[in-house]
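Residue numbers (this note's numbering): 163 to 329.
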C-alpha cells in the first residue's frame with residue numbers, strides 16, 4: 163500500500179473555510195484475493211480441528227471409576243475377648259431416644275454405635291445429611307442436654323453428656 167500513497171498541500175488560515183477536491187490517480191485495492199482465500203482456509207482448518215478433537219473425545223469408552231477396597235488381613239488371635247464397639251443403651255436411654263425426631267434419633271444411634279463420641283463432619287458423611295440440617299439437629303440435642311459440642315481444632319466433637327450416659 164505504500165506505493166499507492168499521495169499527498170495534497172492545502173493552506174488554511176484560522177477561521178477560514180475552504181473546499182478542496184482531492185482526486186487519486188490510481189485506485190487502491192483493499193487486499194488481494196489470496197488473502198481472503200487464506201483466511202477462509204484458516205477458518206476451515208480451525209473448525210475441522212475442533213470437530214476432530216470433540217469427536218475423538220466422544221469415542222472413548224466410559225470408564226467407571228471405582229474406589230479400591232483393601233482387605234485387612236485377619237487379626238491375630240489374642241487372649242482377651244474382643245469387646246463390641248459402642249455403648250449399650252439402657253431402658254431410660256431408649257425412652258429418651260423415642261422422644262426425638264428422626265434426624266436427632268439417627269444422630270444419637272450413630273453416637274451409640276461409636277462409643278458416644280464422633281466428629282460432626284464424620285456424622286454428616288455417614289448419615290448423608292446436609293451440614294446445616296445436621297447442625298440444627300445437634301443444636302436441638304444440645305438444648306435437650308443429650309449431647310455436648312466441644313471444639314476440636316478446626317472441627318467440632320459431638321459427644322453424649324454425662325447426664326445421658328448415666329441414664
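Ideal Cβ placement from N, Cα and C applies to all residues, glycine included.
Could you please give the first and the last residue of the uninterrupted beta strand (DSSP E) stretch that includes residue i?
{"i": "residue 312", "result": "309 to 314"}
Mapping DSSP to helix, strand and coil, what is residue i?
{"i": "residue 170", "result": "coil"}
{"i": "residue 183", "result": "coil"}
{"i": "residue 319", "result": "strand"}
{"i": "residue 250", "result": "coil"}
{"i": "residue 243", "result": "Legend: pLDDT at residue 243 = 48, less than 50; position of this residue unreliable, no value from coordinates given."}
{"i": "residue 304", "result": "helix"}
{"i": "residue 261", "result": "coil"}
{"i": "residue 256", "result": "helix"}
{"i": "residue 219", "result": "helix"}
{"i": "residue 178", "result": "coil"}
{"i": "residue 295", "result": "helix"}
{"i": "residue 290", "result": "coil"}
Apart from the five residues just before and just after residue i, which ones in its own chain have a Cβ nearer than 8 Å to its Cβ?
{"i": "residue 252", "result": "329"}
{"i": "residue 172", "result": "180, 182"}
{"i": "residue 271", "result": "259"}
In the DSSP assignment, what are the bridge partners of residue i?
{"i": "residue 280", "result": "320"}
Around the C-beta of residue i, are 16 or more other C-beta atoms found within 10 angstroms, so that it is buried, or is it exposed?
{"i": "residue 308", "result": "buried"}
{"i": "residue 214", "result": "exposed"}
{"i": "residue 203", "result": "exposed"}
{"i": "residue 322", "result": "buried"}
{"i": "residue 243", "result": "Since pLDDT at residue 243 reaches only 48, below the 50 mark, its modelled position is unreliable, and no value is offered."}
{"i": "residue 186", "result": "exposed"}
Near residue i, what residues of its chain come up, given a Cβ to Cβ distance below 6 Å and the 5 sequence neighbours on each side ignored?
{"i": "residue 170", "result": "184"}
{"i": "residue 282", "result": "318, 320"}
For residue i, which residues of its own chain have a beta-carbon under 7 Å away from its beta-carbon, when the five flanking residues on both sides are left out?
{"i": "residue 302", "result": "266"}
{"i": "residue 176", "result": "none"}
{"i": "residue 198", "result": "none"}
{"i": "residue 295", "result": "265"}
{"i": "residue 327", "result": "278"}
{"i": "residue 285", "result": "269, 272, 296, 320"}
8 Å is my cut-off, CB to CB: does residue i come that close to chain C?
{"i": "residue 319", "result": "Absent here is chain C; the protein component of the structure consists of one chain."}
How far does the alpha helix (DSSP H) with residue i in it extend, from its first residue to its last?
{"i": "residue 270", "result": "264 to 275"}
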